[in-house]
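All remarks here apply to the structure that follows.
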């Protein structure tokens, strides 16, 4: 789950150029992704230590703003993901916390999403040959 949170933080930073931890958590919740404050702020702290974001206090809120270094590092490959593949990956991520792994229907639905992603990836490989 930490990988999904990290990826979504990067995506949010690239799109909005800043992140507020609490608002980010609400956005995750809207997408049916549960995340602890610890998981969110751990990644933001690491990004800050690496110089990818700069944390500033605005009132009572800490705002993490994307730095030029962060923009350069984060945008290397993330922005190159084809939209249909990105959407399917987000669909997988949003399904994971709610799968009943002992419910046939849930597992089949998740498997179908993985198959869909596999088909999209194979098509993309053919397209870039």
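In my numbering, the protein residues as written are 454 to 582.
A virtual CB, placed ideally from N, CA and C, is assigned to each residue, including glycine.
With 16 other Cβ atoms within 10 Å as the buried cut-off, status of residue i
| i | result |
| --- | --- |
| residue 517 | buried |
| residue 466 | buried |
| residue 586 | Here the chain covers residues 454 to 582 and nothing more, so residue 586 does not appear. |
| residue 551 | exposed |
| residue 555 | exposed |
| residue 490 | exposed |
| residue 506 | buried |
8 Å contact criterion, which residue i and residue j should meet: CB distance rounded
| i | j | result |
| --- | --- | --- |
| residue 492 | residue 458 | 5 Å |
| residue 523 | residue 500 | 7 Å |
| residue 570 | residue 542 | 7 Å |
| residue 566 | residue 545 | 5 Å |
Distance cut-off 7 Å: residue i Cβ against heavy atoms of the ligand PLP
| i | result |
| --- | --- |
| residue 464 | For the structure depicted, the ligand PLP is absent and the ligand set is empty, with no information on it obtainable. |
Beta bridge counterpart(s) of residue i as assigned by DSSP
| i | result |
| --- | --- |
| residue 519 | 506 |
| residue 514 | 511 |
| residue 473 | 516 |
Beta-carbon proximity check, residue i vs residue j, cutoff 8 Å
| i | j | result |
| --- | --- | --- |
| residue 531 | residue 471 | no |
| residue 497 | residue 488 | no |
| residue 564 | residue 486 | no |
| residue 574 | residue 538 | yes |
Closer than 8 Å to chain C by CB, residue i
| i | result |
| --- | --- |
| residue 556 | Absence of chain C from the displayed structure is noted, only one protein chain being present. |
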